[in-house]
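K.L.:
Chains as they are written, first to last, in my numbering: chain A, 37 to 372; chain B, 687 to 1258. Cβ coordinates follow ideal geometry from the N, Cα and C atoms, glycine included. Because the structure is a prediction, the values reported are computed rather than measured. One structure coming up, written as structure tokens, with questions to follow.
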């Protein structure tokens, strides 16, 4: 296990280093002025002194850049003049809240629907679920969101149209996660919390549709395979309850491919978040990045790219560990 | 057995959903979302529920939500030029020495109660209002009221390069520069705590009107000193302190800005207790929020929204024939646009009526002069240029362009007040000019780049526009067509006509409006002979609002104010 750990750390550092190199080359090539915004807290002075001019060797520029990143500085936003690390801390919690709830939503419903489909293989339930996932997987997010807003918010009026919470609730920011913050402000009792949940329903459905469909399909196929194994038949013959057989014995063994697909879906959630957040005026990192693209705020684009890419790398790593923990075979193999 | 389980699960799910429905039957579309939110909370006892419900309805009755179109760049109006930022900073938070009378472009006394102008028109003495309180907030508690030091600070920060706050935020003071205040104001002195004197380089009649513009907002000098002592100068531009009707409470970037009524406002506390700007860049989403009652006022609706409001009895539209112009600027430094006859041919060949119908949905006024018709000195005797492609073609033939020529037409890709869809306009113009043999290729850049490049004169022709800031014609003539503006880039036609320039400079230095008007009318005649532009349209500015919003008015200078606005209580 220790050796795997070391290997993973090496893997991590090398991919992060590659990422930094990639972003540096991009900046250096397309937007050399932006570099001075990234490396310096006083961009005007540095561009005057020509510190980052092309005359200095490529690699020494790269190491200077790396040095700044290691101290945790991402520079200043061109359009707003703010420190980018501060901005990220402002925006990230909203996105993380949305992503986590979406993940829980799509995983729980995906497993549940996938198992139902697997257990009723080739019956009407299976066919219904399969065709629904096919539709869900191919839905354009933008159109789907508009449709849901039209139906649930404007016709039925059961859900709010946009933003994270009703404006009558003035919540102080503590963690940035409104689900927690709303419970922390005693003024509104549970009302604020309910308002937060109401505002989450549509964005979570929109963002979760594709991952939900993907997880459902993977769960179904993986479960069908596992449920046909001899040890499952054996368990059923022994009289172990139906629930226990599916959820405990079969699911654990069927989980490996689901986890792999989950890690793929996490990147789809992050890209989907950009669209979802701008549709629902959700003040998250995705919307922030999109606005930065419109404003050509290169340092912000750069910082956002770096942060989201590192988050994805870390999540993949964590998922690797979880799958090793779930599947002892994997552990043994990598020990060899 | 399994089937039974499935049906059970499904039925509970259905029950759950139907429960949502049955709990909020008719309240749904009502603006009051808190009611529906509340019905979930079954844990509370009934009496408590009714009490809470009342409380929250009261909050919503005194809370106006305005769906704005973008995040502000800063909370200091000195630093920026965008209307969105002014709507969020100078209008609610600050006052100026003089302000525009609400809904007009006339100037009235504000932080200055009255003023004297010396006989030579070079010295302005302002007598400042007493007992004007600054905002009292969590981050700053003022110890004194407004006085002359605050005016000095606000002007000197922008004027003096060595001022301790000059370099803070590093965004420059573009408006101050473009109004040429740094050379115009030679001296500003404090005579006593409530009297100040400006000394100008030369007489300038629009001076008072210019002081009502957003960049001339008065900031707190005491707050600045405090921040300087604790070494947090940049906080000045993020957490504002002013004297205006609303005080800053909270800003969640890209989500909302929250203001509270300033309890010691010198004109009396506002009836609205809270004001929220809900930042919603997508116009369709803004409209949806307005219909659902999440917003009370919606900025910048699309023409299709204005058409469809008949279906919604609770929504009304406000419009104002804005003080703006959309025009096609021809770069007179590039061939063949140095030839006035070619420029005239282009003018004749463009079917403006069709542009107005398609691009503005017939909601704009056709332009013939560089200023809008509701502004004084508008010369109405000049005949409008009629669409006449035949004559245009003849003119081109006469000038030797028998086979026409090729040109680039630049169009921005963003929605502006004066031009909702410049790309579409460019395409229509492309068709029109094709008829007289001129081949147009349309070029777009991101808006900032677009402006930068047109200022440098890289274009043949560009679709541009202007929103008047102070209700003075000089703001159009000097900024867009003066010879000095060819250097700053405001004059993107690079058209410098000595006779025209003489007239407008003369008009700027005298103060009798009738005499000025005469000079401007003459200048418009020259403009129409030379035609450096194709003046296209004066767009109307629209805002949609719920009927509950009372006393709302639009200003011709393109800004949103919530002074004196209040909400009718919701019925429950």
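For chain E, find out if any of its Cβ atoms is closer than 9 Å to the Cβ of residue 962 of chain B; answer yes or no.
P.N.:
You won't find chain E in this structure, because its protein chains are A and B.
K.L.:
Cutting at 6 Å between CB atoms, please list the residues of its own chain near residue 1079 of chain B, excluding the five before and the five after it.
P.N.:
1122
K.L.:
Taking the alpha-carbon of residue 926 of chain B as reference, which of B/1117, B/1231, B/776 has the nearest alpha-carbon?
P.N.:
Checking every option, the nearest Cα to that of residue 926 of chain B belongs to B/776.
K.L.:
Against chain B, with Cβ distances strictly below 9 Å, would residue 197 of chain A count as a contact?
P.N.:
yes
K.L.:
In the DSSP assignment, find the unbroken alpha helix (DSSP H) run with residue 322 of chain A in it and report its ends.
P.N.:
321-331
K.L.:
Using a Cβ-Cβ distance under 9 Å, would residue 688 of chain B count as near chain A?
P.N.:
Low per-residue confidence applies at residue 688 of chain B: pLDDT is 46, beneath 50, and the placement is therefore not dependable, though the value from the model is reported in the following sentence. Interface residue, yes.
K.L.:
Check whether the Cβ of residue 315 of chain A lies closer than 9 Å to any Cβ atom in chain B.
P.N.:
yes
K.L.:
Figure out for me which residue from A/224, A/54, A/284 has the closest Cα to the Cα of residue 745 of chain B.
P.N.:
A/224
K.L.:
Is residue 176 of chain A buried or exposed, if buried means 16 or more other CB atoms sit within 10 Å of its CB?
P.N.:
If you draw a 10 Å sphere on the C-beta of residue 176 of chain A, you find fewer than 16 other C-beta atoms in it, and that means exposed.
K.L.:
Could you please give me the residues that DSSP links to residue 963 of chain B through a beta bridge?
P.N.:
B/752, B/943
K.L.:
Quick check on DSSP: helix, strand or coil for residue 1002 of chain B?
P.N.:
strand
K.L.:
So for residue 799 of chain B, helix, strand or coil by DSSP?
P.N.:
Residue 799 of chain B falls in the strand class under three-state DSSP.
K.L.:
Taking the straight line between their C-alpha atoms, what separation do you get for residue 976 of chain B and residue 1083 of chain B?
P.N.:
54 Å
K.L.:
Applying a beta-carbon distance threshold of less than 9 Å, which residues of chain B neighbour residue 319 of chain A?
P.N.:
938, 939, 940, 941, 942, 965
K.L.:
Under 9 Å, CB to CB, which of the residues in the stretch 249-271 of chain A have a partner in chain B?
P.N.:
none
K.L.:
Please check the pair residue 1125 of chain B and residue 1092 of chain B, which I expect to be a contact at CB under 8 Å, by giving their CB distance rounded to whole angstroms.
P.N.:
Going by Cβ atoms, the distance from residue 1125 of chain B to residue 1092 of chain B rounds to 5 Å, so yes, they are a contact pair.
K.L.:
Could you pull out every residue in the same chain whose Cβ sits closer than 7 Å to the Cβ of residue 231 of chain A, ignoring the five residues on either side in sequence?
P.N.:
201, 202, 205
K.L.:
In the DSSP assignment, find the alpha helix (DSSP H) that holds residue 1113 of chain B and state where it starts and stops.
P.N.:
1108-1120
K.L.:
If we count the other Cβ atoms within 10 Å of its Cβ and call it buried at 16 or more, is residue 139 of chain A buried or exposed?
P.N.:
Classification of residue 139 of chain A: buried, given that the 10 Å Cβ count is 16 or more.
K.L.:
By DSSP, does residue 1007 of chain B sit in helix, in strand, or in coil?
P.N.:
strand
K.L.:
Starting from the C-beta of residue 180 of chain A, find all residues in its chain whose C-beta is less than 7 Å away, skip the five residues before and the five after it, and write them out in chain order.
P.N.:
242, 245
K.L.:
My output table needs one value for residue 1096 of chain B: the three-state DSSP class, helix, strand or coil.
P.N.:
Annotated three-state conformation of residue 1096 of chain B is strand, per DSSP.
K.L.:
Using only alpha-carbon positions, find the residue among B/815, B/813, B/832 that is nearest to residue 821 of chain B.
P.N.:
B/832
K.L.:
Determine, for residue 154 of chain A, whether the minimum Cβ-Cβ distance to residues of chain B falls below 9 Å.
P.N.:
Residue-level contact check: residue 154 of chain A does not touch chain B, since none of the beta carbons of chain B fall below 9 Å from its beta carbon.
K.L.:
Does the stretch 335-347 of chain A touch the stretch 257-276 of chain A, meaning 3 or more C-beta pairs lie closer than 8 Å?
P.N.:
no
K.L.:
Which residues mark the beginning and the end of the beta strand (DSSP E) in which residue 1228 of chain B is found?
P.N.:
1226-1232
K.L.:
Just the chain A side, please: which residues come within less than 9 Å of residue 644 of chain B by C-beta, in chain order?
P.N.:
Because chain B in this structure spans residues 687 to 1258, residue 644 of chain B falls outside the shown range and cannot be described.
K.L.:
Quick one: give me the first and last residue of the beta strand (DSSP E) that residue 198 of chain A is part of.
P.N.:
Neither: residue 198 of chain A is in no beta strand (DSSP E) and is coded neither H nor E.
K.L.:
Please list the residues of the stretch 326-342 of chain A that have a C-beta atom closer than 8 Å to any C-beta atom in chain B, keeping them in chain order.
P.N.:
327, 330, 331, 332
K.L.:
Tell me the DSSP bridge mates of residue 112 of chain A?
P.N.:
A/119
K.L.:
What do you reckon, are the CB atoms on residue 945 of chain B and residue 778 of chain B nearer than 9 Å?
P.N.:
yes
K.L.:
Would you say residue 280 of chain A reaches chain B, if we count a Cβ-Cβ gap shorter than 9 Å as a contact?
P.N.:
no
K.L.:
Out of B/863, B/880, B/1202, which has the shortest C-alpha to C-alpha gap to residue 1063 of chain B?
P.N.:
B/1202
K.L.:
Could you give the uninterrupted runs of the beta strand (DSSP E) lying entirely in the stretch 806-866 of chain B, keeping only those of 3 residues or more?
P.N.:
809-814
K.L.:
What residues from the stretch 757-777 of chain B come within 8 Å of chain A, judged by C-beta to C-beta, listed N to C?
P.N.:
757, 759, 760
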